[in-house]
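A.B. asks: Residues 1404 to 1549 (the working numbering) make up the sequence shown, in order. Think of the CB as a built atom: it goes at the ideal place given N, C-alpha and C, for glycine as much as any other residue. Keep in mind that this is a model prediction, so the values were computed, not measured.
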Amino acid sequence: MTESKALRALREAIVLEHMESQNEHDFDTSLNTFPHPRYEIMASGQVFEGVDAVRGYWQRTRAAFPDQRNKVMDVHHADDAVILEFELEGTHLGSLTGEEVTGRSFKVRMVGFFLFDKDVLTCQRVYGDTATVMAQLGLLDVPEKF
């Protein structure tokens, strides 16, 4: 295996471990996939920097969506990143931002950029459609036609 293929395989293994450990709510393993966790949520502009901030974000989202899980659909590679397309789903059983709990579920396709410096994961940047999630949860009235 060439060095670039070996690096690509190592990066992909890190990312897949990161995603699967989140499904298991094994946040210690998720956090150990990068030495200085940084998590960027592009839809909201939120940035969580460091172990405590990232862990707190994951704990808050799992309190609101205790069954939240992801399903990796496709994996892409770039010079300095692994890019995942995944489905994220969960059931709204707790309040995330003070909203009324609906008990409804969501399922949305998302993209995650896992940025690397050589073999070190430095950032997870997530792109997702918040409006679709909110509409599926009954928190946003979206007309069928414009």
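For a test of the three-state rule: what should DSSP assign to residue 1476, helix, strand or coil?
C.D. replies: In the structure shown, residue 1476 sits in a strand (DSSP, three-state: E or B).
A.B. asks: Any idea if residue 1504 is buried or exposed, counting beta-carbon neighbours within 10 angstroms, 16 or more meaning buried?
C.D. replies: Label assigned to residue 1504: exposed.
A.B. asks: Indicate whether the contact test is met: 3 or more Cβ pairs, each with one atom in the region 1490-1506 and one in the region 1451-1468, closer than 8 Å.
C.D. replies: Segments in contact, yes.
A.B. asks: Look at the alpha carbon of residue 1409 and the alpha carbon of residue 1486, and state the distance between them as a whole number of angstroms.
C.D. replies: Computed Cα separation, rounded: 17 Å.
A.B. asks: Return helix, strand or coil for residue 1459, following the three-state DSSP convention.
C.D. replies: Helix at residue 1459.
A.B. asks: Name the residue from 1448, 1411 and 1461 whose alpha carbon lies nearest to the alpha carbon of residue 1430.
C.D. replies: Among 1448, 1411 and 1461, the Cα nearest to that of residue 1430 belongs to 1461.
A.B. asks: Out of 1520, 1535 and 1453, state which residue places its alpha-carbon closest to the alpha-carbon of residue 1508.
C.D. replies: The shortest Cα separation from residue 1508 among 1520, 1535 and 1453 belongs to 1535.
A.B. asks: Among the residues of its own chain, which have a CB less than 7 Å from the CB of residue 1428, if the five just before and after it don't count?
C.D. replies: Excluding residues within five positions, the ones whose Cβ falls inside 7 Å are 1465.
A.B. asks: Taking Cβ positions, are residue 1488 and residue 1479 nearer each other than 9 Å?
C.D. replies: Yes, the pair counts as a contact, with Cβ atoms nearer than the cut-off.
A.B. asks: Since I believe residue 1529 is in contact with residue 1443 (beta carbons under 8 Å), could you give me their beta-carbon distance rounded to a whole number of angstroms?
C.D. replies: So it is a contact: roughly 7 Å between Cβ atoms.
A.B. asks: Report the partner residues of residue 1510 according to the DSSP bridge assignment.
C.D. replies: DSSP, once it has assigned bridges, lists 1492 as partnering residue 1510.
A.B. asks: Does residue 1487 come out as helix, strand or coil in the three-state DSSP assignment?
C.D. replies: Correct three-state label for residue 1487: strand.
A.B. asks: State the beta-bridge partners of residue 1539 as determined by DSSP.
C.D. replies: Answer is none; residue 1539 lacks a bridge partner.
A.B. asks: Give me whichever residues DSSP pairs with residue 1481 in a beta bridge.
C.D. replies: Paired residue(s): 1484.
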